[in-house]
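Enquirer: Take this structure first; my questions come after.
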Amino acid sequence: MRKYIVIALIAALTACQNTPEESWGPAVEQVSIPRVELMAAMPQPYKILDWHQKALDFDAYVYDFESTLPAGPVIWMDGAGRNNGQVTFGLYTAMKDARQGPDNNGGEFHESLNILHTLIGAGLNGIDKTSQNGYNWVKMSQNYFNTDNGWNIVMNNTCPEVALLGGGYGRDWWYDVYPNILFYAMSEIFPGVDGADEIMHTVAEQFAAADEVLDGNYDFTYFDYSQMKGCNNWIPKQQDAAGGHAWVLYSAYQKFGDPRYLERAKTAMAALDSQKESRFYEILLPMGIYTAARLNAEQGCNYDTAKMLDWVFEGCKAPDGRNGWGITAGKWGNYEISGLQGSLIDRGGFAFLMNSIDVAWPFVPLVKYEPKWARSIGRWMLNVANNCRLFFPDQLPDENQCLPGMQDYTNSIIAYEGLRYEDQIFEPEKHKGIHPMALGDGPLWNENNPMESMFSVYSTSAVGILGAIVKTTDVEGILRLNCNATDFYASKPYPVYLLYNPYDKVKKVTYAVEDGPKDLFDIVSRRYVARSVRKSAKVAIEPDSSAVIVELPSGSVITAEENGNLSVNNNVIAYNEKAN
């Protein structure tokens, strides 16, 4: 049974501020996610990296053709001109991957999941990738829009000639859907790049046509977007691709205004919602849950986000699915590993950095649309932000790493691909009983791959997402999470932040604002917590509770709409969840 918790938020104000007595209805009842209840409220050991600086350091390194770090450069130019005739570029998936680089496979084997993540992360942290060192990297990434093969979507490689070397292309559905989500996100961060709107429009048409053909049945391994038919092979079926379709189609509706895209977003979401069990595969289910929350709030739909959140956190248990894929909870050895995404059953557990970061993208903004999840998402995110550091070689003792003493190789900018409960593959006798173990599968992909290929550019490429979302406060353990950062193709007139108090007593946080004065309204308690804040205010948060604070221009008038939504200047700031 789920636990319901009513959050009360008390504001402690400075003498120059008005007492915030006005409220707008009862507080939103908080709904627990059972697996999150197994996670530490305050993870130990506790250490939050400066994720923003991590993102800046990552971009500076991976886009440096002349890096003098021991690992050397990881970028090269690809002049094959696939799909559009322009020069593009590649990045190593894993360090020194023997399949990649300018001298292997014509320099054409590189992955959009890697490169598009780097561009999104950079943009979210203030780096203009349309004009950096003389290159428009965003424009150059358009070679991943595959027209030569007739699929007319953004894919993980630029051509089928390198598709079987690794990764997924035309045979593994999430690899064919997720690059389009990444491309859409990148294109909002960097608007107006020549050709981007045309690509997005074509992708929307392809996904709408595919959803019509599928007609609610997503029981396939992949979909051939050239022949418009579902296909199966040895890879598990990926019914959660419906969530990826829904995310793209609803974004396309917001961008282009075509009602066909809205209707197809709904039918794709209905296909996801109608599933009887978790088919969680990689990332498309979380993207679908976020889209379901938006459709519930903005379009009056009634998709079951509680059921689907459990599908993610508890994981897939279907024997013919990606059995065991979910969200970790608990400790491995002396380390909290809660909140990470990966296999819960593979040799005791195997978590991956990119996957762990990527779930933050949809779940943090989700609380704007369904604030009943604010406490659970806040608690989970504290674990994610804390525990993702364990993938980096300077954050674990050497005995917990398969490559000890390699901290200087990339100055610990590039992380290990994953964390295993225990190394049972590389040196199992040496590492027996050591938990967790940082490592990567790179050496297993190709007999010529060096051990250094355990370090994964691909896995680290998402670090900018944490850099944009996660900020610390003056109270250790209480983070300030930016709910707008990854809320793409949405109305974002006012800053919105999620704060969670992991302690068993009230904590007062200094809440700073820019461009004041501001009135601070909490959509969880549905009351003002401070008014006329020019620089900062002390805000008190109840134990084990969250606030979702909207920063309104001082003096804003809140209007209660007939449907129960609250709005300011015709902008909805709080949705009526009871209407859905």
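Okay, so the sequence shown: first residue is 1044 according to our numbering, each after it adds one. Yeah, the Cβ is synthetic: ideal placement off N, Cα and C, and Gly gets one too.
Determine whether the beta carbon atoms of A1308 and A1285 lie at a separation below 8 Å.
Expert: no
Enquirer: I'd like the list of long-range same chain contacts for Y1333, defined as Cβ closer than 6 Å, with 5 residues on each side in sequence excluded.
Expert: P1405 and L1409
Enquirer: From D1587 to V1071, what does the alpha carbon distance come to, in whole angstroms?
Expert: 15 Å
Enquirer: Could you check where the alpha helix (DSSP H) with Y1501 kicks off and where it finishes?
Expert: Y1501 -> alpha helix (DSSP H) spans V1500 to T1503.
Enquirer: Beta-carbon within less than 7 Å of I1224's beta-carbon, same chain only, minus the 5 sequence neighbours each way: which residues are those?
Expert: G1287, W1290, V1291 and M1330
Enquirer: Let me know the secondary structure DSSP gives A1533 once reduced to three states.
Expert: coil
Enquirer: Could you compute how far the alpha carbon of I1388 sits from the alpha carbon of Y1221?
Expert: Between I1388 and Y1221, the C-alpha separation is close to 25 Å.
Enquirer: In the DSSP output, what is I1118 paired with across the bridge?
Expert: L1134
Enquirer: Q1297 lies in the alpha helix (DSSP H); which residues open and close that run?
Expert: A1284 to F1299
Enquirer: Mapping the DSSP letters down to three states, classify K1627 as helix, strand or coil.
Expert: With the chain represented from 1044 up to 1623, any question about residue 1627 goes unanswered, as that position is not in the structure.
Enquirer: Which of the three DSSP states, helix, strand or coil, is assigned to C1059?
Expert: Legend: pLDDT at C1059 = 34, less than 50; position of this residue unreliable, value from coordinates given subsequently. Of the three classes helix, strand and coil, the one that applies to C1059 here is coil, per DSSP.
Enquirer: So M1082 packs on W1423, CB below 8 Å; how close in whole Å?
Expert: 6 Å
Enquirer: Quick check on S1589: buried or exposed, where buried means 16 or more other Cβ atoms within 10 Å of its Cβ?
Expert: buried
Enquirer: May I have a chain-ordered list of the alpha helix (DSSP H) segments no shorter than 4 residues that lie completely inside the region 1182-1237?
Expert: 1216-1232
Enquirer: Out of curiosity, what's the CA-to-CA distance linking Y1452 and I1601?
Expert: 54 Å
Enquirer: Would DSSP call Q1467 helix, strand or coil?
Expert: coil
Enquirer: For P1113, which of helix, strand or coil comes out of DSSP?
Expert: In this structure, P1113 counts as coil in the three-state DSSP scheme.
Enquirer: How long is the line joining the alpha carbons of E1585 and K1548, rounded to whole angstroms?
Expert: 7 Å
Enquirer: Distance check for V1130 and A1239, CA to CA, integer angstroms please.
Expert: 16 Å
Enquirer: Kindly list the residues whose CB is nearer than 6 Å to the CB of I1232, restricted to its own chain and excluding five residues on each side of it in sequence; keep chain order.
Expert: G1166
Enquirer: Would you tell me roughly how many angstroms separate the C-alpha atoms of S1455 and F1108, rounded to the nearest one?
Expert: 18 Å
Enquirer: Out of G1391, V1556, L1563 and N1168, state which residue places its alpha-carbon closest to the alpha-carbon of S1599.
Expert: L1563
Enquirer: With burial defined as no fewer than 16 other Cβ atoms inside 10 Å of the residue's Cβ, what is the status of E1605: buried or exposed?
Expert: exposed
Enquirer: Can you find a C-beta in chain B that's less than 8 Å from the C-beta of E1413?
Expert: The structure shown contains no chain B; it is built from a single protein chain.
Enquirer: Could you tell me how far apart the beta carbons of Q1143 and F1132 are, in whole angstroms, since I believe they sit closer than 8 Å?
Expert: Distance from Q1143 to F1132 at the Cβ level is roughly 12 Å; contact not present, criterion being Cβ atoms closer than 8 Å.
Enquirer: Only counting the same chain, and skipping five residues up and downstream in sequence, which positions put a Cβ closer than 6 Å to that of G1122?
Expert: V1130
Enquirer: Could you check which residue in A1295, L1462, S1419 and T1371 has the C-alpha nearest to that of L1396?
Expert: Looking at the Cα atoms, L1462 is the closest of the given residues.
Enquirer: What did DSSP end up calling W1368 once you bin it into helix, strand or coil?
Expert: strand
Enquirer: Around the C-beta of C1445, are 16 or more other C-beta atoms found within 10 angstroms, so that it is buried, or is it exposed?
Expert: buried
Enquirer: Please determine, among N1491, R1418 and I1196, the residue with the shortest C-alpha to C-alpha distance to Y1540.
Expert: Minimum Cα distance to Y1540 is reached at R1418.
Enquirer: Do the CB positions of V1500 and M1138 come within less than 8 Å of each other?
Expert: Against a cut-off of 8 Å, the Cβ pair of M1138 and V1500 comes out as a contact.
Enquirer: Which residue marks the beginning of the alpha helix (DSSP H) containing S1610, and which one marks its end?
Expert: Note, S1610: premise wrong, no alpha helix (DSSP H); beta strand (DSSP E) at L1609 to V1611.
Enquirer: Rank G1483, A1458, Q1450 and R1570 by C-alpha distance to the C-alpha of D1466 and give the top, closest one.
Expert: G1483
Enquirer: Per the DSSP calculation, T1334 is bridged to which residue(s)?
Expert: Beta-bridge pairing links T1334 to no other residue.
Enquirer: Between S1579, V1567 and G1476, which has its C-alpha nearest T1516's C-alpha?
Expert: S1579
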